[in-house]
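In the working numbering, the protein residues as written are 206 to 497.
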């Protein structure tokens with residue numbers, strides 16, 4: 206199994222694949238409150254605040270510091286306690302920006318849309334993978350520690366749970382159940398969630414925050430042309446290199462996150478074939494409009 210000896214080795218291999226597509230990496234304990242290079246003051250915090258504020262300043266040049274702090278505070282406490290409602294509100298902010306009253310140097314006040322993700326300039330965003338990221342239990346009954354969390358601009362957008370590839374008594378559905386438990390125990394981590402990933406070496410699948418087991422699907426292509434480029438046991442690498450390609454992830458956030466209202470709101474997540482078909486059609490339309 207590609208020399209993956211255990212769950213830790215598999216986790217580290219996932220990190221290496223992310224590094225291979227130019228994600229930065231930090232080890233969770235190192236950036237923990239008492240770590241060697243802390244990036245938060247409490248295990249209750251799920252946002253990497255300095256990264257978020259730096260990104261807001263970078264994406265919105267000239268924005269006053271007090272407005273940047275206000276946006277940070279709003280993202281930290283979005284005014285919703287229900288997980289799925291909070292996720293829908295925050296998703297809207299990702300795509301449309303956050304309305305803020307901004308006072309200029311001359312004292313006049315204007316309303317501006319503050320962006321927290323730059324969809325126009327990929328390099329303006331900060332992409333960070335963190336493994337072993339501990340978060341305090343909702344009831345303060347200890348901490349929970351997801352395997353890998355992917356942050357964009359300090360916001361935890363993806364949670365990846367892996368299981369030991371060599372343990373025949375566990376599979377990806379154990380990872381699915383673990384994520385369901387995390388949603389109950391460390392709810393706030395998922396306020397910002399775009400994708401959940403479960404993997405066990407031989408299989409890897411992705412789903413939305415509301416997806417049941419039937420809606421966790423394989424991501425089988427990196428380029429939309431070749432299927433399973435890493436072979437029958439390379440599903441995890443294909444998913445990481447395809448879906449978490451930086452531009453692809455931003456496209457998913459901007460164009461493919463759809464909430465379907467009903468007795469129970471459903472958050473849709475695109476299949477790999479839908480994603481590549483739509484993006485290719487969009488590119489063709491852009492080329493045609495320029496030629497016209």
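Note that beta-carbon positions come from the ideal geometry of N, C-alpha and C, so glycine has one too. The model shown is predicted, which means the values in this text are computed figures rather than measured ones.
Between residue 402 and residue 365, the beta carbon gap of about 4 Å places them in contact (Cβ cut-off 8 Å). When the beta-carbon positions are compared, residue 412 and residue 474 come within less than 8 Å of each other. Excluding residues up to 5 positions away in sequence, 238 lie with their Cβ nearer than 7 Å to the Cβ of residue 247 in the same chain. For residue 358, same chain residues with a beta-carbon under 7 Å away, outside a window of 5 residues either side, are 256, 257, 260, 321, 322, 330 and 331 in chain order.
Following the DSSP letters along the chain, one finds residue 249 in no alpha helix (DSSP H), marked with neither H nor E. Using a C-beta cut-off of 8 Å, the region 343-351 makes no contact with the region 303-323, since fewer than three inter-stretch Cβ pairs fall below that distance.
Within a 10 Å sphere around the beta-carbon of residue 272 sit 16 or more other beta-carbons, which makes this residue buried. In the displayed model, residue 299 falls within a helix according to three-state DSSP.
Within the DSSP secondary-structure output, residue 412 pairs in a beta bridge with 401. Exclusion of the five residues before and after residue 212 leaves 367, 368 and 369 as the residues of its chain whose Cβ lies within less than 7 Å of its Cβ.
Distance from the CA atom of residue 363 to the CA atom of residue 319, rounded to whole angstroms, is 22 Å.
In the structure shown, residue 378 adopts helical secondary structure according to DSSP, grouped into three states.
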